[in-house]
Amino acid sequence: MKTLYVPAMSYLDGSMHEGVGFVVDELGRIRARGPADSLRQQYPAIAVEEWPERLLVAGGVNGHNHGFQVLMRGMGEDDTFMDWRSHVLYPVSQNLSRDEIYQSAMLAYWDMLRHGITTVADFFYLNDQGLENAMAIAEAAREVGIRLALARTFYDWKGAPSRYRETPSEARANTVALAGALGDNPMVTVQVAPHSPHGASTAMIQAAVKTARELNTRLHIHVAEGEYERTAVLKETGKTPIAYLDDLGALTSKTLAIHAVWVDDEDLSRLTASGTTVVHNPSSNMILGDGIAPIVTMLARGIPIALGTDGGCTNDRHSIFDDMRQAALLQKVAHRNGHIINAATVFDMGTRVGSEALGIESGNLAVGEWFDAVTLDLDDPSLLPGPPNIAHVVYALSPTAIDCVFVAGKRVIEKGRPTRFSPEMLLKWARQAKPSRQP
Ligand SMILES: [Zn+2]
Numbered sequence: 000m001k002t003l004y005v006p007a008m009s010y011l012d013g014s015m016h017e018g019v020g021f022v023v024d025e026l027g028r029i030r031a032r033g034p035a036d037s038l039r040q041q042y043p044a045i046a047v048e049e050w051p052e053r054l055l056v057a058g059g060v061n062g063h064n065h066g067f068q069v070l071m072r073g074m075g076e077d078d079t080f081m082d083w084r085s086h087v088l089y090p091v092s093q094n095l096s097r098d099e100i101y102q103s104a105m106l107a108y109w110d111m112l113r114h115g116i117t118t119v120a121d122f123f124y125l126n127d128q129g130l131e132n133a134m135a136i137a138e139a140a141r142e143v144g145i146r147l148a149l150a151r152t153f154y155d156w157k158g159a160p161s162r163y164r165e166t167p168s169e170a171r172a173n174t175v176a177l178a179g180a181l182g183d184n185p186m187v188t189v190q191v192a193p194h195s196p197h198g199a200s201t202a203m204i205q206a207a208v209k210t211a212r213e214l215n216t217r218l219h220i221h222v223a224e225g226e227y228e229r230t231a232v233l234k235e236t237g238k239t240p241i242a243y244l245d246d247l248g249a250l251t252s253k254t255l256a257i258h259a260v261w262v263d264d265e266d267l268s269r270l271t272a273s274g275t276t277v278v279h280n281p282s283s284n285m286i287l288g289d290g291i292a293p294i295v296t297m298l299a300r301g302i303p304i305a306l307g308t309d310g311g312c313t314n315d316r317h318s319i320f321d322d323m324r325q326a327a328l329l330q331k332v333a334h335r336n337g338h339i340i341n342a343a344t345v346f347d348m349g350t351r352v353g354s355e356a357l358g359i360e361s362g363n364l365a366v367g368e369w370f371d372a373v374t375l376d377l378d379d380p381s382l383l384p385g386p387p388n389i390a391h392v393v394y395a396l397s398p399t400a401i402d403c404v405f406v407a408g409k410r411v412i413e414k415g416r417p418t419r420f421s422p423e424m425l426l427k428w429a430r431q432a433k434p435s436r437q438p
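Sequential numbering from 0 applies to the sequence shown in numbering that gives the first Met the number 0.
Written out as structure tokens, the structure reads:
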């Protein structure tokens, strides 16, 4: 059944509007948008929901995450990246069972939804040379009701746990099989993710480029996150990490370059020329002490910037609204200039740009798109005094203001609570789920 939703306010195309209605069809797509009074006349027979105290905004798009990492919350936030990787990430992730992978994805995705994230790119590398673990996180996404871009990793660096590793032909065959198994489904898209210049060999990256082309899908890759990678790739290849990837054909308008902190002027020219999107993870970069990605310069050079939370143990929040705030604040500090970036720009990064980068018809609340949306309580103290503008949403919003979350027209969070699953079993597991670092 079609429904007409009438929020008091909505944030559309860069400004606040009052009295706009949205007709959402049975499949969850926006069929009409316009003055609510005319939509009422145009669609006299459909259900109407009035939201007199709500502000409607597009759902957040989390361009980079590793769902299972939520299990490592509280285990290494104050370590260096290398210590965290060796003493937390590798030993813990080596031990996780499929059930723990599934439950941790449920927990992470639920946490994201309740913070207004409607789509997540889960960069997934606990593959055990097969499909079953990835199928388990796809099932978790379906149960919770979040839209998933399943970025299946191509990994062959021998220093990492064996369950991450495959040969290039195994990675390719398993990714094609996974895409076939999950089928043509707007709620789950299989994408290709050669891990990084340090986690994937040249042959592995080439296999990933070929697979992404064959599946006509996106390619995600961590690049230039820490200074060590730039130094190592320069030493080994004589090229910067970005130049190395570009020369392998890995940078295209369907590529998501994750982090891109350690980049020079020539790298930026290559990113611009190839149409690559950079996924900026400001909170994670700060926690790990990676550095500050030059996103103001990137924007000036025409590079699209999306936002990611990164893992639940390197942020540690699952909120794109929060990372919009962090992205803006970090640039203001770096440039010592409060005017260098604004709320509308970072909001756009966390919604429209992320959707475009992932190939999802969402992010603008426009006709024809999925109704992936969040209602905010205009009476929440964090949005007052009213009427709010986009600066309230980016800088002041408290999660308590998030009322309902819709994905493909389905209400998956209502008054802050999940509607699709009962959290009691998950909570029972999660209270006791602290994993072991022992082999
Ligand atoms: Zn990552």
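Glycine residues also receive a C-beta, built at the ideal position from the N, C-alpha and C atoms.
The set of residues with a C-beta under 7 Å from any non-hydrogen atom of ligand 1 comprises 63, 65, 122, 221, 257, 309 and 310, given in chain order. Cα atoms of residue 85 and residue 254: separation of roughly 28 Å, rounded to the nearest angstrom.
Pairing residue 87 with residue 436 gives a Cβ-Cβ distance under 8 Å.
For residue 180, the CB contacts under 8 Å within the same chain, skipping 5 residues up- and downstream, are 130 and 134 in chain order.
The alpha carbon of residue 19 has as its nearest neighbour, out of 257, 43 and 50, the alpha carbon of 50. For residue 21, DSSP records a beta bridge to 4 and 32.
The alpha helix (DSSP H) runs of length 4 or more contained entirely in the region 118-161 are, from start to end of the chain, 131-143. Rounded to whole angstroms, the separation of the alpha carbons of residue 205 and residue 236 is 16 Å. Here DSSP, grouped into helix, strand and coil, assigns residue 405 to strand.
When Cβ pairs closer than 8 Å are counted between the two stretches, the region 359-375 is seen not to touch the region 299-318, the count staying below three. Between residue 55 and residue 374 the beta-carbon gap is near 6 Å, inside 8 Å, which marks them as a contact. In this structure, the CA atom of residue 16 is about 22 Å from the CA atom of residue 324. Residues of the same chain with a CB within less than 8 Å of the CB of residue 317, apart from the 5 flanking positions on each side, are 61, 64, 69, 107, 110, 111, 114, 116, 308 and 311 in chain order. Nearest in C-alpha terms to residue 156, of all of 138, 201 and 188, is 201.
Counting every other CB atom within 10 Å of its CB across the protein chains shown gives residue 380 a total below 16, marking it as exposed.
For the set 355, 343 and 247, the Cα lying nearest the Cα of residue 277 is the one of 355.
In this structure, residue 342 sits near residue 390, with a CB-CB distance shorter than 8 Å. Runs of beta strand (DSSP E) with 3 or more residues, each lying fully within the region 42-98, are found at 46-57 and 59-64, listed in chain order. Setting aside the 5 residues that flank it on each side, residue 160 is surrounded in the same chain by 89, 92 and 93, each with a C-beta closer than 7 Å to its C-beta; the list follows chain order.
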